[in-house]
Structure formats: C-alpha cells, structure tokens
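Chains as they are written, first to last, in this note's numbering: chain A, 297 to 621; chain B, 49 to 385. Idealized CB from N, CA, C, for every residue including glycine. Quick caveat: nothing in here was measured; it's all calculated off a predicted structure.
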C-alpha cells in the first residue's frame, strides 16, 4: 500500500512538472511575441510617410504609403484591384486558378492563400503584404490576426448588395491611392450600365428571377440580392420584391410566382431541376413555354461581384436576350 | 508464486513506463507539428528560435500560429480525453462521450444560433455562447436525471434524448439559413484554424479542473464497482456523480468554446488508454490525457500538412480516423454481449 502511494505521488509531481514546463514555455514565447510585433511594426514603416486612415466595417485602419503587395480574401476584391490595374499578390482562390483567370481575364502570377472560408494565415504572413482586404462576414473572427500581419481593411463582399459593392470598390481605391481613377471608372461604369439598359429595353411588365440551382435546393435571388439588384439597375423587375436577399423555394412556389424570364446559375453535378423538368408544372411555366430560361455562369453571376463583373453580367444579358429595338 | 510476483511488478511499472513513452511521443510529435504546414520550418530553425539564439524569418509564423496551436491541441485534446474517461466511468458505459450526453450538441446549438441569428455580434460571443450552451445542456441533464437518483442508464438515455433535441435545432437553423451552412459546419466540425494565444488563455483555466478530476480518481474507481458496493463503502453516489459530471462539463465547455465541437477524442482516447493501462483511473486519466493530446495534435498537423495551403479542419480528421474505430468498438461490444 505504501509503495503504491509512492508511485502515485511520483507521477503526480511529474504531471505538475509537465504543466509548469508548459506554462513557462507559454510565458516565454508570449514575451517573444511582443518583441516580434514590434519588429514587424518597424518594418512596416515605408519611406513615403504619408499616412491615411481608412474607415471600414470593423473600424479604422492606418495605411502608410502606397500598398504594393496586396492580399485579397474575396473575389470581388480581386475584381476591384484588377479594375484599378493592380495584380493581387495573394488571393484566397479556393485553389481554383482557372476561376481567377476567368475573373481577371488573363493568367496572373499570384500566391494562393487557400480557401475564402479559411484563408491560410501562415501563407499570408509569409507573403509579407502591405495591405490585406478581408470580407466582413467570413473573416471577422481573424481580423485581429490579420491586423498583426499587415494593415487590414474589412469590407462587405459576400453579403453585399450591388451598391455596397461599388462602395467597397471606392474604399479599396482610397486604400491604394487611386481615388481619381476610381471616380472616372465608376462614372464609366454607370454609363455602361445605362447603355446596356437602353439596349436591353426590358418590358416593364415582365418579371425576372435569377436562382442558384443545387442538387437539393432551388434558391431564388430576390430584388435585394446582388444580382437581383443589378438586374433592377438594368431595367428588369425581380419577381420577388423583398428585403431578404435569398429565398429557398419548391416547384409549387415557383409556379405561383411564374416569372417571365428565368436565369439559372447551376451547380456542377446533379440538379433539382433535372427532376422538375419532367413535371407538367414546370412545362407550364411562362418562361419555359416562351423559351425564356437561360443558364448562366455561377462564378460570374453569384461569386465574382465587382465593377468589371457587373459589366460582364450586363454583356451576358445582351448576348442571351439580344438587343431590343 | 513467482508468476504472481511478476504480474504485480508489471502492473506497477508499466503505467509509469507507458506515461514516459507517451510523453516522449508527444514531444516528438510537437517538434514535427511545429515544422509542418503551408510554410515548412526546419528543425534547426525551430530550435534556434525557441532557444532565442537568432530569430529566423519564420519566427512570426512560429510564435503567432504554430506554438499557440500546439498548446491548444495539447490542452484541448487532453481535456476532452479526461472528460471522456470520467464520463465513461460515471455512466459505466464504454460508449459514453461528451457527444453522447448531449453537452457538445448543446454547445453546438448555442453557437449555431449566434452564427446564424446574430452575424453582427462581437467575436467573443461565440465561445461564450458555446460554453453557456454546454452548461445549459448539462444542467438540463442533471435536472431530468435527478428524480431517478442519477443512475448511469438514466443519464445516458436522457443525454441521448437531449442530444437529439439539440441536433434537431441545429438542423432546423441549417435548413432555414442555407447560406450560413459553411461557417456553421466548420464550427461544428471543430478546427484550430485562426486560433491563437487568446484561446490558449481561454483553455488554461481548465487545467485545475482536470487535476481535480485526477485527485478524485480513487472515488471513480469505487463508483465503478457499482452503486450498491460504492454506497456500502460510504460514498454518496448521487452527489459524487454530480461533482464529477460538473467538473467534466466545465472542461468540455471550455474546450468546445475554444475550438468548436470536435468529436471522437473524448470517446477514443479513453478507450485506447484503457487497453494500454487498465481501468484504474489514477493511471487511466493521465494516459487518456496524453493520448487525447497526441490525437488532436496529430489530427491538426495532418490537416495542415496534407494539402497546403488548404487546411482540413482537425475535427474532420478526427472523424475520419475516429468513425471506423467507433464502428470497430460497437462490433466488439456487441460480440461481448
């Protein structure tokens, strides 16, 4: 019995010792950490010296000089940078190089920093960027971590409306010191959209419904969604006018709404509409009867979101529906 | 006579040797883990950096990401494993785990509600709500089990029922808000991505609770003899179960708050430990802790190193390893019965 207790206490001390070592290590490295952050701050000071403060979704960020190496954590930020003539150094591209090539219209040299959902902080830090642009919804939990790597601005992309997206573009332009270019470009953009609208000359009584189709769901994009709002700007009345950007629906609900034009952004693989297409209800839809069902590119219509992408969507509409004289 | 002497000797020596070997393995895996990831850091750089004899260019990555994640994996892995071992002891059921008694699901439901309904909420809400969710689930469990004298079978059944209710809630929110499914699933799977020193400090308070459980290991042994014997030996079984359950739930709540509702560690680590060292809790708990730490650290390193720069959440790795083991367990338990 005595021996037994002895071994127990030896082991107990061992455990306590291990914890003590652990704590000591933690303490030691956190002092190291403080020294590190001072170092990075020192390195961040550029010769320019002109500091500007950018107000964004999670507060204010000071940016010194003109950022050259920029990491974009959402696709619309890549579009914005590209529109301003800047190649992002790092992109959260979900490991889809071809998607980025489609977005910027050419092969560019950048480092993938992983998925948009969980961008790889290690890779971002190893790029030593001057600016990080993050999404207000996806990346708010790592804002502090990103801020430690480089000045970070947080903007709406994933949950943005068309207008918010244009605002984000202006903020990015401000951050990279290209406000004038952005103003000109936005004026041009407005003109392009107006011209496209004039060419499309949508029937004011007709309704349109864009939707994302997956294997188990049909998600309508309402007047408050990004593409819905853009289509309104192009003169198309969304079949669902509401505050909520998305609405899941079944075939019966779709029949009740019965839009004149259906735009389907299809997922890869099996689709819920494959089954619907055999249903008499589907065949009775106005859009189906009049041949007004169009398949659109999911990346361009629902993922990219940006100044250039919006124009590309307009061009897409023209191509599909044709000029209306 | 000689044989029995040898077995007693073995029994005494083996746990210590085992603990020594496992600690060695953990140190080895820690070294590997610090080097593995989207950016490879050589062992020499790591040593130079930790010893302070020259900061490599990877110092930032090491101190900001790898070291805190190492500690988180160790503490959370150990914590979940100890809590799992204690739960299996309390319920006298080898298939009990933090998932089975509904505690992690309670945390999950609370977290999902915050993610889906309050997307604008400050960042710290998520861990706080997860902890509260776990506590609420445990409170409900004890409340319902109270009438029946907190018998093991009652606890398990009520836990499973509560878990099913919480799961239904989680699924309701996921179907209702399909756009948040990705972030919800990520949290539910459990991941060490984006976790840093903050989470280390969040987890450290769980250490004294784990030590408290270890100090109660003799009582756990008595509880394992069955209620009648335990009562005969002067234990108030009901109160004892409340105390042990509360301590475990506090640990589970902290772990889940820090890294999400990661599964299988609390189930599998105690099992492997029981195989290696028997069911005396004095040794079972520390061996479980070391195996849990090894399991989570291994899962995180694997998830980080497999397809860089994409990280596979540690919870998915533990599930991929854990699920087949669980099936094997079920089969074996079935055969025994």
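Inter-residue CB distance, residue i and residue j (contact presumed, cutoff 8 Å)
i                      : j                      : result
residue 162 of chain B : residue 174 of chain B : 5 Å
residue 270 of chain B : residue 283 of chain B : 6 Å
residue 387 of chain A : residue 426 of chain A : The pair is not a contact, with the Cβ atoms about 15 Å apart (cut-off 8 Å).
residue 445 of chain A : residue 421 of chain A : 5 Å
residue 511 of chain A : residue 567 of chain A : 6 Å
residue 301 of chain B : residue 183 of chain B : 6 Å
residue 128 of chain B : residue 146 of chain B : 6 Å
residue 387 of chain B : residue 130 of chain B : The structure shown has nothing for residue 387 of chain B, since chain B only spans 49 to 385.
residue 305 of chain B : residue 179 of chain B : 4 Å
residue 316 of chain B : residue 343 of chain B : 7 Å
residue 429 of chain A : residue 369 of chain A : 6 Å
residue 501 of chain A : residue 547 of chain A : The pair is not a contact, with the Cβ atoms about 24 Å apart (cut-off 8 Å).
residue 353 of chain A : residue 432 of chain A : 4 Å
residue 308 of chain B : residue 239 of chain B : 6 Å
residue 489 of chain A : residue 530 of chain A : 7 Å
residue 248 of chain B : residue 116 of chain B : 5 Å
residue 564 of chain A : residue 582 of chain A : Contact flag wrong, Cβ pair sits at about 28 Å.
residue 340 of chain B : residue 181 of chain B : That belief does not hold up - the Cβ atoms of residue 340 of chain B and residue 181 of chain B are roughly 22 Å apart, past 8 Å.
residue 414 of chain A : residue 245 of chain B : Not quite, the Cβ-Cβ distance comes to about 19 Å (not below 8 Å), so this is no contact.
Status (buried if at least 16 other CB within 10 Å, exposed otherwise) for residue i
i                      : result
residue 212 of chain B : exposed
residue 172 of chain B : exposed
residue 406 of chain A : buried
residue 292 of chain B : buried
residue 537 of chain A : exposed
residue 517 of chain A : buried
residue 603 of chain A : buried
residue 391 of chain A : exposed
residue 329 of chain B : buried
residue 336 of chain B : buried
residue 91 of chain B  : exposed
residue 605 of chain A : buried
residue 615 of chain A : exposed
residue 394 of chain A : exposed
residue 319 of chain A : Its pLDDT being 47, under 50, residue 319 of chain A is placed unreliably in this model, and the coordinates cannot settle the point.
residue 234 of chain B : buried
residue 371 of chain B : exposed
residue 435 of chain A : buried
residue 330 of chain A : Low confidence applies here, because residue 330 of chain A scores a pLDDT of 41, under 50, leaving its location unreliable; read the following figure in that light. Residue 330 of chain A is exposed by the Cβ-count criterion.
residue 337 of chain A : Here the model assigns residue 337 of chain A a pLDDT of 38, short of 50, so the residue's position is not dependable and the matter cannot be decided.
residue 137 of chain B : buried
Spatially closest choice to residue i from the options, by CA coordinates
i                      : options                       : result
residue 523 of chain A : A/551, A/582, A/535 and A/458 : A/458
residue 133 of chain B : B/301, B/220, B/332 and B/117 : B/332
residue 258 of chain B : B/65, B/76, B/123 and B/83    : B/123
residue 498 of chain A : A/361, A/362, A/363 and A/618 : A/618
residue 364 of chain B : B/312, B/209, B/334 and B/251 : B/312
residue 453 of chain A : A/607, A/609, A/443 and A/601 : A/601
residue 374 of chain A : A/399, A/416 and A/455        : A/399
residue 557 of chain A : A/506, A/418, A/362 and A/599 : A/506
residue 186 of chain B : B/295, B/219 and B/82         : B/295
residue 593 of chain A : A/608, A/579 and A/449        : A/608
residue 290 of chain A : A/380, A/471, A/552 and A/451 : The structure shown does not extend to residue 290 of chain A, since chain A spans only 297 to 621, so no value can be given for it.
residue 380 of chain A : A/474, A/595 and A/486        : A/474
Listed by chain order, chain B residues near residue i by CB distance under 9 Å
i                      : result
residue 548 of chain A : Under the 9 Å cutoff, chain B gives no residues; its nearest Cβ is about 18 Å from residue 548 of chain A.
residue 408 of chain A : 357 and 358
residue 422 of chain A : 86, 87, 105, 106, 108 and 109
residue 391 of chain A : 355, 357 and 358
Closer than 7 Å: residue i CB and nearest the ligand ATP heavy atom
i                      : result
residue 462 of chain A : Ligands are entirely absent from the displayed structure, and the ligand ATP is therefore not among its contents.
Proximal residues of chain A, C-beta to C-beta of residue i below 7 Å
i                      : result
residue 85 of chain B  : 418
residue 167 of chain B : 433
Proximal chain A residues relative to residue i, where beta-carbon distance stays under 9 Å
i                      : result
residue 211 of chain B : Simply none; closest approach about 25 Å.
residue 234 of chain B : 413 and 414
Closer than 7 Å at the beta carbon, the chain B residues around residue i
i                      : result
residue 437 of chain A : 171 and 242
residue 525 of chain A : Per Cβ cutoff of 7 Å: no residues; residue 525 of chain A is ~16 Å from chain B at best.
residue 365 of chain A : Chain B residues near residue 365 of chain A: none, gap ~15 Å exceeds 7 Å.
residue 444 of chain A : 112
Contacts that residue i makes with chain A (C-beta to C-beta distance below 8 Å)
i                      : result
residue 230 of chain B : 413
residue 227 of chain B : 542
Neighbouring residues, chain B, relative to residue i (Cβ below 8 Å)
i                      : result
residue 515 of chain A : 226
residue 520 of chain A : Going along chain B, no residue has its Cβ under 8 Å from residue 520 of chain A, so there is no contact; the nearest lies around 13 Å.
Quiz item: Along the stretch 107-121 of chain B, what residues have a CB closer than 7 Å to any CB found in chain A?
Solution: Result list: 107, 108, 109, 111, 112, 113, 115 and 119.
Quiz item: If contact means a Cβ-Cβ distance below 9 Å, which residues of the stretch 369-383 of chain A contact chain B?
Solution: Listed in sequence order: no entries.
Quiz prompt | Where the stretch 347-374 of chain B meets chain A: residues whose CB sits under 9 Å from a CB there | solution = So the close ones are 352, 355, 356, 357, 358, 359 and 361.
Exercise. Using a Cβ-Cβ cut-off of less than 8 Å, list which residues of the stretch 458-492 of chain A approach chain B; keep chain order.
Key: Listed by position along the chain: nothing, the set is empty.
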